[in-house]
Structure formats: structure tokens, C-alpha cells
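Using our numbering, you'd call the opening residue of the sequence shown number 2 and step up by one each time.
Beta carbons: idealized from backbone N, C-alpha and C, even for Gly.
Here's the structure, in C-alpha cells; my notes come after.
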Amino acid sequence: MATPSLSDEERLKRKNVIEGCLRDGFVPMGSPGGKSSVEEGARRLGYRRGSVHSWIISEESLKSVGKKNFVPDWTIYQKPVPVGPEKIERPAPSVDERIRERRLEQEVAALKKHTKELLDQVIALQDVRGTVMQLSDALEAPAIIRPMPGSKKGGKRTAILHISDVHAGEAVDLYEMDGLNSYNGEIYKARMNRLFQKAASLLTEHWSGDPVEEIVICLGGDMIDGNLREESRRGGAMPVVESAKMISELTAGGMQFLREQVGVPMRVYTSPGNHSRLTVRPHVNEGAIDNWDVMISWSIEKILGKQDWAKFYYTGSGEALYNVYGWWFLLQHGHEGVGGSGGLYGPVYKQVRGMYKTHSTYARRGRGFHYVLEGHNHTSVKIPFGFANGSVVGFNPFAARLLKADPAPASQNLLIVEERLGVIAWYEIFLGVPEEGTLYEPPVIEEGRLGKPVMRVRAGKG
């Protein structure tokens, strides 16, 4: 046997490292189970496993012929003795415990029996379904029925912007309304601006598909508060003439804004309201002509001048019947033919009665139509007979105290008419902001909160 090329010092070092691995629980070379001490020793020495393995074989050869060797002492490795769980001495169960255990065993057995009976019933039903009704395959593998892709190109569309019950000139005091709503000259200017801005936004940046072909402007009456009641002259935001001038200028400017933003022609129809009449009591004869709302519409037409994109239409009856793609609309203010507060059901009941009567009388004249557009009740709602508009003034003392009406916020309607389907969209454009009353605040999740009334002491009051 050739003399090993490694020094005795290196050979001893290797022996000691491998014996250390044996003490740490790594198995001897050639023993099954666990990680090899030779492999771990090579890792600790930083050598290749094959190099250490060859060195041990060489040392074993020297040992077999009785020469000096450095074979590791494999007996150092001690096989770990498995430790079993400690036996816990438990006291013998009492009679009550054994009775409870037996009851549980009986309940479990009963449940297992019941489960088997239910499974047998399911199997029987499946057999009936599969063999008699032949539905098994269809129910076990249902088909996914997807809709066919629709055409992205819709029909022609027209927008109808309903403007009514502006009540320009009315003053609504925040204190009198317990903080719910307020209204004055500056607020009604701001709300009219928001109306035209939001309408333009809905018809442009929030619009999908081909643009609308036309905008129909419905001036639905009560554009000013007027002198309908004696109290209208008290604490008003501005005189009647000034109110009429201001609302004419604001509406004309809003129409020009829509023209610039949307770029389509407009039709304008007018239906005068009860607040704009020139008499103390309503007059039937010429009542729809001798009215501030008609004068306001003329003023708007005069301000805009001769425009090829804006056409104004008037009727002697004060009710405008017009069509869009063959869909017929009747514009009226809403005070005609029905009075009262609507009783328990409120304004919606009045609107249902009024629109139904209007449909009936026009049908008997041979001039039936599809939708009524009306205001007057300051409540925006869609019913089978048509669409009722909200108001720009919003909830006021008359509605709050005399009518005990629902606190409707300031809003106006925008309708979209499709040539084949009729009215396909109804937008209620809200006009108020939180600074104008708590009706326009977002909901606050706060336990115990009942609102935020404005509390103040009037000048001169103790």
C-alpha cells in the first residue's frame, strides 16, 4: 500500500471533524437513515464530498493491513432513542360521565342513521330524474348561454332639459328652515349656472356613443316668484321686474353655453305657471298669455337675437304639444285641473291624478300623446304618465309648514329620447351645495345624529 500523500496533521484534522459530526447525530458512512457524517464533514471542512469519501476508503485500507491510519471512530455515533408520549393517569369516569357519554353515542348513531336515510332518498330521486325524466345529464352539465354582442351604434337621440319653478326673487331663510335650505339672488344664480354646467357635462364628457342631435328646452313656468301671495312681497330677494330681467339673462346665457359645449340646435317651448300671473286671482281667458313667464321667454329670444340654432314656439293655451322622432310630449306647468296637497300620498298623488286627467282629455280630443312634462309640485318623479320636475328654489316655508311636504332638494330633469325606444334615460340634476343647507350634505355615519339645524338669535331678541 502506498504511503498517503496527506500529512498526519491534515489526516488527524479530518478525523476529528468527522467524529464531531458523529457526536452531533450524523450517521456513519454507509448507514441508512439521516444525513451522512461524511457529507456534513466535507461541508464543514470546505472540501468536496467525493474527496473526503476517497480519503476514508484509503484510511480503511491502511487499517485492514495493520498500518498507521486515521479512520474515524464510528462507534461515537449514538442512535437516538425515540421518546414516547408520557402516559397520563386519568381517574375512572363517574357514573354521570358514563351516562353522558352513552347519550352522545346514541345521538351520533341516530344522526348517522338519519344521514344514511337522506342519502338513500337523494339516490332514489337521482334515479328517478335520470331514468324516468332523463334530466340527469342536462342538470349535471348546464350550458352557459351568452348574449350575442350588441351593436355599438344606437339610434338617434335628443335631449330634453326641463326648467321650471325657479322662483327667482324668492327668499328662503336658512334660520326659518331649520338649516335645511336657503335661497336668494346669489344662490339662484349659482344654481342656474350649475344646471347648465351639469347638463353640458352629461351630454359631453359623460356621454357614450353618437352625440345628441338636438336639445329641447322646456320652460315650464314659475320662472319668477312673482306677487302671487301678499307674503311674496315681504323679504323677497329682489323686485319682480328685476327678477324677470335676471332670469331671462341667465337662461339666455345658459343656452349659449350649451350651444358652445354641445354644438347642436335647440327648440324652446313655454308653459306659464301660476306664480307668474299678473292678476290676484287666476283668469281662464288670456291667463296663459298675460303672464310673466311668456314675457321672460320673449326676452330670452330677444337677447339671443336671430339665431339659426334656436327656435321658440308659443301656444295660446299655455300647453305645448310637440314630438321628438314621433314620440309626443305635452308640456304644462302642473297646476291645471288638480288642486289640494295630495293628502297622505303628497305631491306624487297630485301628479298622477293631474297627468291622468290630461291624458284623458287630450285623447278625447283626438290628440293623444305619450308623456306629460310638468312641474309646480317641486318634486322630481317618473310615473307611467310622464315626468314631474323638481324646482330650483328647493324646500321652502310654504312646502314645509302649509303643505307638510317631503323635503325635496333643488333639482331639474334631463331626459334622453331615442328614436325607436322613446325616453331611455332620466337624470335628476341636483343643484344645491352643503353651504346652502343640510339637504345637500352627504350622509354622516354618526350615532345619535338627527341633523344640524342652524341656531341663531335674531337682532333685538333676548
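Output the distance between the C-alpha atoms of residue i and residue j, rounded to the nearest integer angstrom.
{"i": "residue 223", "j": "residue 147", "result": "51 Å"}
{"i": "residue 411", "j": "residue 181", "result": "11 Å"}
{"i": "residue 318", "j": "residue 176", "result": "40 Å"}
{"i": "residue 104", "j": "residue 116", "result": "18 Å"}
{"i": "residue 357", "j": "residue 385", "result": "9 Å"}
{"i": "residue 193", "j": "residue 252", "result": "8 Å"}
{"i": "residue 463", "j": "residue 174", "result": "Because residue 463 sits at a pLDDT of 36, beneath the cut-off of 50, its placement in the model cannot be relied upon, and the following sentence gives the value as read from the coordinates. Distance between the alpha carbons of residue 463 and residue 174: 20 Å."}
{"i": "residue 429", "j": "residue 119", "result": "55 Å"}
{"i": "residue 375", "j": "residue 145", "result": "46 Å"}
{"i": "residue 445", "j": "residue 316", "result": "48 Å"}
{"i": "residue 409", "j": "residue 124", "result": "60 Å"}
{"i": "residue 184", "j": "residue 172", "result": "5 Å"}
{"i": "residue 332", "j": "residue 240", "result": "28 Å"}
Give the secondary structure of residue i by DSSP, where H, G and I count as helix, E and B as strand, and everything else as coil.
{"i": "residue 459", "result": "Caution applies to residue 459, whose pLDDT of 42 falls short of 50 and renders its modelled position unreliable; the value that the coordinates give is listed next. It is coil, neither helix nor strand."}
{"i": "residue 149", "result": "coil"}
{"i": "residue 327", "result": "coil"}
{"i": "residue 198", "result": "helix"}
{"i": "residue 396", "result": "coil"}
{"i": "residue 506", "result": "With the chain covering 2 to 463 only, the question about residue 506 has no answer from this structure."}
{"i": "residue 164", "result": "strand"}
{"i": "residue 423", "result": "strand"}
{"i": "residue 439", "result": "helix"}
{"i": "residue 271", "result": "strand"}
{"i": "residue 312", "result": "strand"}
{"i": "residue 171", "result": "coil"}
{"i": "residue 290", "result": "coil"}
Less than 8 Å between the C-beta atoms of residue i and residue j, yes or no?
{"i": "residue 167", "j": "residue 434", "result": "no"}
{"i": "residue 20", "j": "residue 81", "result": "no"}
{"i": "residue 313", "j": "residue 258", "result": "no"}
{"i": "residue 27", "j": "residue 10", "result": "no"}
{"i": "residue 39", "j": "residue 15", "result": "no"}
{"i": "residue 256", "j": "residue 218", "result": "yes"}
{"i": "residue 352", "j": "residue 325", "result": "no"}
{"i": "residue 254", "j": "residue 165", "result": "no"}
{"i": "residue 300", "j": "residue 249", "result": "yes"}
{"i": "residue 201", "j": "residue 242", "result": "no"}
{"i": "residue 310", "j": "residue 260", "result": "yes"}
Counting along the chain, where does the alpha helix (DSSP H) carrying residue i start and finish?
{"i": "residue 263", "result": "241-263"}
{"i": "residue 387", "result": "Note, residue 387: premise wrong, no alpha helix (DSSP H); beta strand (DSSP E) at 387-389."}
{"i": "residue 11", "result": "9-24"}
Which residue marks the beginning of the beta strand (DSSP E) containing residue i, and which one marks its end?
{"i": "residue 384", "result": "382-384"}
{"i": "residue 368", "result": "Per DSSP, residue 368 belongs to no beta strand (DSSP E) and is neither H nor E."}
{"i": "residue 412", "result": "412-419"}
{"i": "residue 296", "result": "Careful: residue 296 lies outside any beta strand (DSSP E), inside the alpha helix (DSSP H) at 293-305."}
{"i": "residue 93", "result": "It is not in any beta strand (DSSP E) - residue 93 carries neither H nor E in the DSSP assignment."}
Counting only C-beta atoms, is residue i closer than 8 Å to chain C at any point?
{"i": "residue 97", "result": "As a matter of chain content, chain C is missing from the structure shown, which is built from one protein chain."}
Determine, using beta-carbon pairs with one atom in the region 316-332 and one in the region 264-278, whether at least three such pairs fall under 8 Å.
Using a C-beta cut-off of 8 Å, the region 316-332 makes contact with the region 264-278, since at least three inter-stretch Cβ pairs fall below that distance.
Three or more C-beta pairs under 8 Å: does that hold for the region 399-408 against the region 418-430?
With the rule of 3 Cβ pairs closer than 8 Å, the region 399-408 does not count as touching the region 418-430.
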